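Novice:
In structure tokens, the structure reads:
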């Protein structure tokens, strides 16, 4: 079931086409990775989807209703990003209460459990929290607010490994108790990849890849051997990157392959999502 | 050969003992990971080692000479951290020239190569760079300045996967051409672990782990099976963490083990460095 639909969306800033004719659908109750390098338009897209900014052209709908000036639709979305929307003088506890007043049905029980796990003091003022703990406070709000669409723009930026681990565990926990749509951007692609159902990869304002993680992973390979063997084996395949180490070459392939390697002295391994996206973002560049 | 030695170092901020009686040695020409959660004292230690701040007690020496007020010693160190030391009106090219004037023998050739790889425009003013590109500019300076000790405090913060990949490649490149000591703090433990010779893990201001990565990895295991089997197999081992998934239990072990599993229906796998450090940082906490 398609819930959010993005139609022919364009966004121009300072004469630059940041998003180019984007068409996308987000299914209900799935976890999406919205991935791409810095500056490709991910944050812009999330700001457009929650109408924090308005598109140059095109529109976004939820269940067929345009979100523009549509409070009912916008009330179903929550965006966490680097903006701090809370007054620095508000205590964490007051932020939870305020969110409850705005959205209703705030999950105080889960918020308290998470605050304990993350070691977040509910009596501290938002302005007194470290950068990491401000993010943690915003993560807890995002997980406890009763919306159908949770957009998380770089939710782990600046978090240490222990806190990231808690974040991933909390996401699995809240999603399994209350399946809803999560749209997550992150530069920690290999870590987040384990949680995703779908991957949307943006490069230079365009959608380069949009598929389920299973299908993507089924087509992602690293082929290693002598350069001649690897070249020969991959001659009809979609080679998206190459690396040489001494006499060995590794060709990265995004394609359907069969494992008939008998006549070649090569090793076929899975390529992880991070390597795939690095290769895709470098296609067309030299070196 | 020990080059940097830290002797009985203590640091107190606001009546809090941030670093507690630290004793450490850094060998010449090795790559160290200085790892730990946010707020454990890693940045403080790096600031002390480059005398940007002074210790409450204890001292640091290079080749037996105290670094205090010792310009010859301090000239051999370079620290990259989140502080921006350059005037926003300086162009990248001017920053390279300025570094050459201060330290001499700046590697302009490598700086130009890296700028091209990272797509950093030498004519842009530092103040006009995005956060990511400011970091990239500082990384290039750190790799091209002719010092014996390069300290990198969170050099990949905010970099996307593609730029992090270029950073790791550049580090391998510069280290292999000119082996020198790198001391690197990072929250992306699994990514950085492939580059490290030694790991120093700090928790609550104390050194918890200090060893070569080979030895650490040789002792890091995840044991999975039924709870009874896993409990029985690990009864005399150093269990540092546990996880349950349905009927299966995984116990994380930091110990020497032999692989005699015949009488147990268990699976023994390697535990990665990130999981090890998460476990070590949570010892003593409930849950």
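Protein chains in written order, with the UniProt record's numbering: chain A, 1 to 287; chain P, 1 to 287. We treat Cβ as the ideally placed atom computed from N, Cα and C, and that holds for glycine. Bear in mind that the values here come from a model prediction, so they are computed numbers and not experimental data.
Could you check the C-alpha separation between residue 32 (chain P) and residue 63 (chain P) for me, to the nearest Å?
Specialist: On the second chain, residue 32 (chain P) is found 32 positions in, with the first residue counted as 1. On the second chain, residue 63 (chain P) is found 63 positions in, with the first residue counted as 1. Roughly 18 Å separates the two Cα atoms.
Novice: Residue 302 (chain P) CB to nearest chain A CB: under 8 Å?
Specialist: No answer is possible for residue 302 (chain P): it lies beyond the span of chain P, which begins at 1 and ends at 287.
Novice: So that I know if they touch, is there some Cβ in chain A lying closer than 8 Å to that of residue 104 (chain P)?
Specialist: Looking up residue 104 (chain P) in the second chain gives position 104. With 8 Å as the cut-off, residue 104 (chain P) does not count as an interface residue toward chain A.
Novice: Rounded to whole angstroms, what is the Cα-Cα separation between residue 287 (chain A) and residue 267 (chain A)?
Specialist: Reading the first chain from its first residue, position 287 is the one you call residue 287 (chain A). Reading the first chain from its first residue, position 267 is the one you call residue 267 (chain A). Below a pLDDT of 50, predicted positions are generally treated as unreliable, and residue 287 (chain A), at 48, falls in that range; no measurement from the model is reported.
Novice: Residue 43 (chain A): which of A:214, A:68, A:265, A:203 sits nearest, CA to CA?
Specialist: Within the first chain, numbered from 1, the residue matching residue 43 (chain A) stands at position 43. When only C-alpha atoms are compared, the closest one is A:203.
Novice: When the Cα of residue 296 (chain P) is compared with those of P:210, P:155, P:176, which residue comes out closest?
Specialist: In the structure as shown, chain P starts at 1 and stops at 287, and residue 296 (chain P) therefore has no counterpart that could be examined.
Novice: Which residues in the same chain have their Cβ closer than 8 Å to the Cβ of residue 134 (chain P), if we skip the five residues on either side of it in sequence?
Specialist: Along the second chain, read from residue 1 onward, the residue named residue 134 (chain P) stands at position 134. Around residue 134 (chain P): 84, 126.
Novice: Taking one C-beta from the region 184-201 of chain P and one from the region 271-280 of chain P each time, how about it: are there three or more such pairs within less than 8 Å?
Specialist: yes
Novice: Listing by chain order, which chain P residues have their CB less than 7 Å from the CB of residue 161 (chain A)?
Specialist: Within the first chain, residue 161 (chain A) is the residue found at index 161, counting from 1. By Cβ distance, chain P contributes 187, 189, 274, 277, 278.
Novice: Mind checking residue 164 (chain A): buried by the 16 CB within 10 Å criterion, or exposed?
Specialist: Locating residue 164 (chain A) in the first chain gives position 164, where the first residue counts as 1. Under this definition residue 164 (chain A) is a buried residue.
Novice: Out of curiosity, what's the CA-to-CA distance linking residue 201 (chain A) and residue 19 (chain A)?
Specialist: Residue numbering aside, residue 201 (chain A) sits at position 201 when the first chain is read from its first letter. Residue numbering aside, residue 19 (chain A) sits at position 19 when the first chain is read from its first letter. Counting only the Cα atoms, residue 19 (chain A) lies some 13 Å from residue 201 (chain A).
Novice: By Cβ distance below 7 Å, which residues in the same chain neighbour residue 254 (chain P) in space, the five residues on each side in sequence not counted?
Specialist: Stepping through the second chain from its first residue, residue 254 (chain P) is reached at position 254. If we look at residue 254 (chain P) and ignore the five residues flanking it on each side, its Cβ neighbours are 219, 220, 238, 240, 276.
Novice: Leaving out the 5 sequence neighbours to the left and right, which residues in its chain are closer than 7 Å to residue 247 (chain P) when beta-carbon positions are compared?
Specialist: Counting from 1 along the second chain, the entry for residue 247 (chain P) is found at position 247. Counting only Cβ-Cβ distances below 7 Å, and skipping sequence neighbours, we find 226.
Novice: Say whether the region 166-178 of chain A touches the region 166-180 of chain P, bearing in mind that this needs 3 or more beta-carbon pairs closer than 8 Å, one atom from each stretch.
Specialist: no
Novice: Hey, quick one: how far does the alpha helix (DSSP H) through residue 110 (chain P) stretch, first residue to last?
Specialist: Walking along the second chain from the start, residue 110 (chain P) turns up at place 110. Run containing residue 110 (chain P): 108-118, per the alpha helix (DSSP H) assignment.
Novice: At a CB-CB cut-off below 8 Å, which residues of chain P make contact with residue 37 (chain A)?
Specialist: Looking up residue 37 (chain A) in the first chain gives position 37. Those within 8 Å of residue 37 (chain A) in chain P are 160, 161, 162, 163.
Novice: Is the CB of residue 43 (chain A) under 8 Å away from at least one CB in chain P?
Specialist: As a first step, residue 43 (chain A) must be located in the first chain, where it is residue number 43. Not an interface residue.
Novice: What are the complete beta strand (DSSP E) segments, minimum 3 residues, inside the region 130-206 of chain A?
Specialist: 149-153, 181-185, 198-203
Novice: Of all the residues that make up the region 123-139 of chain A, which are near chain P by a beta-carbon distance shorter than 9 Å?
Specialist: 130, 131, 132, 133
Novice: Evaluate residue 214 (chain A) with the Cβ neighbour count: other Cβ atoms within 10 Å of its Cβ, from every protein chain shown; 16 or more gives buried, anything less gives exposed.
Specialist: Counting from 1 along the first chain, the entry for residue 214 (chain A) is found at position 214. With fewer than 16 other Cβ atoms from the protein chains shown falling within 10 Å of its own Cβ, residue 214 (chain A) counts as exposed.
Novice: Which residues does DSSP list as the beta-bridge partners of residue 220 (chain A)?
Specialist: For the purposes of this step, residue 220 (chain A) is identified with residue 220 of the first chain, where counting begins at 1. Answer is A:254, bridged to residue 220 (chain A).
Novice: For residue 86 (chain P), which of helix, strand or coil comes out of DSSP?
Specialist: One-based indexing of the second chain puts residue 86 (chain P) at position 86. Residue 86 (chain P) falls in the coil class under three-state DSSP.
Novice: Please tell me whether residue 46 (chain P) and residue 151 (chain P) are closer than 8 Å, where the distance is taken between their beta carbons.
Specialist: Within the second chain, residue 46 (chain P) is the residue found at index 46, counting from 1. Within the second chain, residue 151 (chain P) is the residue found at index 151, counting from 1. Yes, these two residues count as a Cβ contact at 8 Å.
Novice: Quick one: which chain A residues come within Cβ less than 9 Å of residue 281 (chain P)?
Specialist: Residue numbering aside, residue 281 (chain P) sits at position 281 when the second chain is read from its first letter. Those are 160, 161, 162, listed as they occur along chain A.
Novice: Here's the rule: buried if 16 or more other CB atoms are within 10 angstroms of the residue's CB, otherwise exposed. What is residue 82 (chain P)?
Specialist: On the second chain, residue 82 (chain P) is found 82 positions in, with the first residue counted as 1. It is exposed - the Cβ of residue 82 (chain P) has fewer than 16 other Cβ atoms within 10 Å.
Novice: What residue range does the alpha helix (DSSP H) around residue 96 (chain A) cover?
Specialist: Translated into positions along the first chain, residue 96 (chain A) becomes position 96. Where residue 96 (chain A) is concerned, the enclosing alpha helix (DSSP H) stretches over 92-103.
Novice: Just curious, the beta strand (DSSP E) that residue 40 (chain P) is in, first and last residue?
Specialist: Reading the second chain from its first residue, position 40 is the one you call residue 40 (chain P). Premise fails: residue 40 (chain P) is in no beta strand (DSSP E) and is neither H nor E.
Novice: Label residue 116 (chain A) either buried or exposed according to how many other C-beta atoms from any shown protein chain fall within 10 Å of its C-beta, with 16 as the threshold for buried.
Specialist: Stepping through the first chain from its first residue, residue 116 (chain A) is reached at position 116. By the neighbour-count rule (16 or more Cβ atoms within 10 Å), residue 116 (chain A) is not buried but exposed.
Novice: Using a Cβ-Cβ cut-off of 8 Å (strictly less than) and excluding sequence neighbours within five positions of residue 280 (chain P), which residues of its own chain qualify?
Specialist: Sequence index remark: in the second chain, residue 280 (chain P) carries index 280 (1-based). For residue 280 (chain P), where only same-chain residues beyond five positions count, the Cβ hits under 8 Å are 201, 203, 208, 209, 240, 254.
Novice: Can you list, in chain order, the residues of its chain with a C-beta nearer than 6 Å to that of residue 15 (chain A)? Leave out the 5 residues immediately preceding and following it.
Specialist: Start at 1 with the first residue of the first chain, and residue 15 (chain A) comes out as number 15. If we look at residue 15 (chain A) and ignore the five residues flanking it on each side, it has no Cβ neighbours.
Novice: Does residue 225 (chain P) come out as helix, strand or coil in the three-state DSSP assignment?
Specialist: In the second chain, counting from the first residue as 1, residue 225 (chain P) sits at position 225. Here residue 225 (chain P) sits in strand by DSSP.
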